[in-house]
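Residue numbers (the working numbering): 718 to 1111.
Every residue, glycine too, gets a C-beta built ideally from N, C-alpha and C.
All of these numbers come straight from a predicted model, not from anything done at the bench.
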Ligand code: SAH
C-alpha cells in the first residue's frame, strides 16, 4: 500500500490502539510523502508499526480512521460498510415496511464511516459529507447505495454544501447525484410527515427523536401538551396520536410553524386540539402559568464548541427553570440537549440546578438518548450527542 505515512509521537498511539477513530494534529511526529486534504494515509506508531488507514484532513482532527486492518479501501470496502449499516437497521425492524419508511442509514463514526451521514426517506437517500475524504468517495458511496436498494431507490440527494469544511478548496453544491425526487410524505411508525430535504434543516427531518416522540405519546392521554422548539411538529403529532386534550406547538420560525400545521393536518385533518405559534420560546414560557401538564423542550444545540459551553449551560438552566416553575403540579417535562460538547453529566447537573432554583420536588422518570439508527461507537464516546430527561414535577 503506497500511501503517505503519518507517524505518531511516542505514546500517542494509545488511543488508536483502543480504536478511537480520530488522530489529532498534535499527536503527529511527522508525515512522509506528499499529502493533500482528503487523501488516504497510512498511520503508524513511532516504530513503524501499522495502526490504521484513514482520510487526512487539515485541522485539529488530522486523520479520520476508516479501518484498523491492513486492507484496501476500494469499491468493496464501501459496499461492505454500507450494507453492514443497513443490516443493523433491517435486523431491528427499522428498514422500509408498510407503515415505516424513514431512518438514518449511516451515522458517521457510529457506523465506522467518520464524516458521512446518510438519511433514508421513502426511496430517497440524503447524503451529508463532513470531510473532504468522504466527499472524494462520493461515487463509491452512490454505487454502494444503488446496489443495496436496487429499484427501490428513486434518488440520491447530496446536501454537503454547508457541511464540507469551509477552508477546503472544494466547492460542494447541493443537488441530486442520482435520479430526482421532490419532497415526500414519509411514514414514521404510521405517522405522516412532509420532508423537504432541499429546504429543510439538516437533512430535512430530526429522525433522532423518533423513540422519544413515541414515549411522549404514552404520556399524552387527556393532558395538555406544549411542544417548544417544535420544528416539523414531530412531538406534537405523537401527542395528538396519544390522545392529548390540547397540543400547542411553538417555534420562532414561521416556516416551521407552517410545516407543523401541515403535518398535523396530514394526520388528523382540521383538529381543533392543536394550535401553533410563531414566537420566541423564552418569551412564550414567561406567560404559561399552570397551563400545561406536559412540556417538551428540544432546542437547537446551544453550544457547538467547548469555549461557549458555560454560556450554553446557563441558557439550558434558565430555560428549564422557567418550564419547571410554570408546569402544572404533577406535570412532566421532556427536556433535551443535542450539543455534542454538553456531556450527559453536565446536562443532568444543569437540570438539577434549574430544579433547585424553583424549589419544586422533581424526580427523574426516564433518561433518554439517541435511537439504534444513531448508534454510539463504544470507542468514540463523542458519538453520543443526544441527551434527554423526563422529569416529574410535583
Ligand atoms: N423538536 C424538533 C427539532 C427542533 S430543531 C423535532 O423533533 O423535529 C430546533 C428548532 O428550534 C428549529 O425549528 C428553530 O427554528 C427553533 N428555534 C431556534 N431558536 C428558537 C427560539 N429562540 N424560540 C423558538 N424556537 C426557536
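Output the distance between the C-alpha atoms of residue i and residue j, rounded to the nearest integer angstrom.
i: residue 947; j: residue 1016; result: 8 Å
i: residue 956; j: residue 1104; result: 20 Å
i: residue 815; j: residue 1094; result: 30 Å
i: residue 919; j: residue 930; result: 19 Å
i: residue 1072; j: residue 1035; result: 10 Å
i: residue 842; j: residue 870; result: 8 Å
i: residue 1026; j: residue 1033; result: 11 Å
i: residue 997; j: residue 821; result: 30 Å
i: residue 731; j: residue 880; result: 30 Å
i: residue 876; j: residue 798; result: 21 Å
i: residue 995; j: residue 976; result: 11 Å
i: residue 936; j: residue 979; result: 24 Å
i: residue 861; j: residue 854; result: 11 Å
If residue i and residue j are in contact, beta carbons under 8 Å, what's the gap, nearest whole angstrom?
i: residue 872; j: residue 891; result: Not quite, the Cβ-Cβ distance comes to about 13 Å (not below 8 Å), so this is no contact.
i: residue 750; j: residue 729; result: With a Cβ gap of about 19 Å, residue 750 and residue 729 do not count as contacting.
i: residue 999; j: residue 949; result: The pair is not a contact, with the Cβ atoms about 21 Å apart (cut-off 8 Å).
i: residue 940; j: residue 1010; result: 4 Å
i: residue 1002; j: residue 902; result: No, residue 1002 and residue 902 are not in contact; Cβ-Cβ is about 32 Å, not under 8 Å.
i: residue 1007; j: residue 1045; result: 5 Å
i: residue 1090; j: residue 904; result: That belief does not hold up - the Cβ atoms of residue 1090 and residue 904 are roughly 15 Å apart, past 8 Å.
i: residue 1037; j: residue 1081; result: That pair is no contact at about 13 Å.
Starting from residue i, follow the beta strand (DSSP E) in both directions and report where the run begins and ends.
i: residue 833; result: 833-838
i: residue 782; result: 778-784
i: residue 964; result: 963-967
i: residue 1095; result: That residue, residue 1095, is in no beta strand (DSSP E); it is neither H nor E in DSSP.
i: residue 1084; result: 1079-1085
i: residue 1110; result: 1104-1110
i: residue 822; result: 819-824
i: residue 842; result: 841-846
i: residue 723; result: 722-725
i: residue 1089; result: Where residue 1089 is concerned, there is no enclosing beta strand (DSSP E), given that its DSSP letter is neither H nor E.
List the endpoints of the continuous alpha helix (DSSP H) containing residue i.
i: residue 731; result: 731-734
i: residue 863; result: 855-866
Should the region 984-991 be regarded as contacting the region 954-966, the criterion being three or more beta carbon pairs within less than 8 Å?
yes
Pick out the complete beta strand (DSSP E) segments inside the region 976-1060, 3 residues or longer, and give them in chain order.
991-994, 1011-1014, 1048-1054
Which runs of the alpha helix (DSSP H), 4 residues or longer, sit entirely within the region 869-956?
927-935
At a cut of 8 Å, does the region 848-861 reach the region 746-765 through at least three beta carbon pairs?
yes
Please list the segments of the beta strand (DSSP E) lying wholly inside the region 756-817, counting only runs of 3 or more residues, in order along the chain.
Taking only runs of at least 3 residues, the beta strand (DSSP E) segments lying wholly in the region 756-817 are 757-761, 767-773, 778-784.
Is the region 857-866 in contact with the region 831-845, if contact means three or more CB pairs nearer than 8 Å?
yes
Are the region 1053-1062 and the region 1088-1102 touching, with three or more C-beta to C-beta distances below 8 Å?
With the cut-off at 8 Å, the region 1053-1062 and the region 1088-1102 touch.
Three-pair Cβ contact test at 8 Å for the region 762-781 versus the region 793-804
no
Three or more C-beta pairs below 8 Å linking the region 779-789 and the region 822-832
yes
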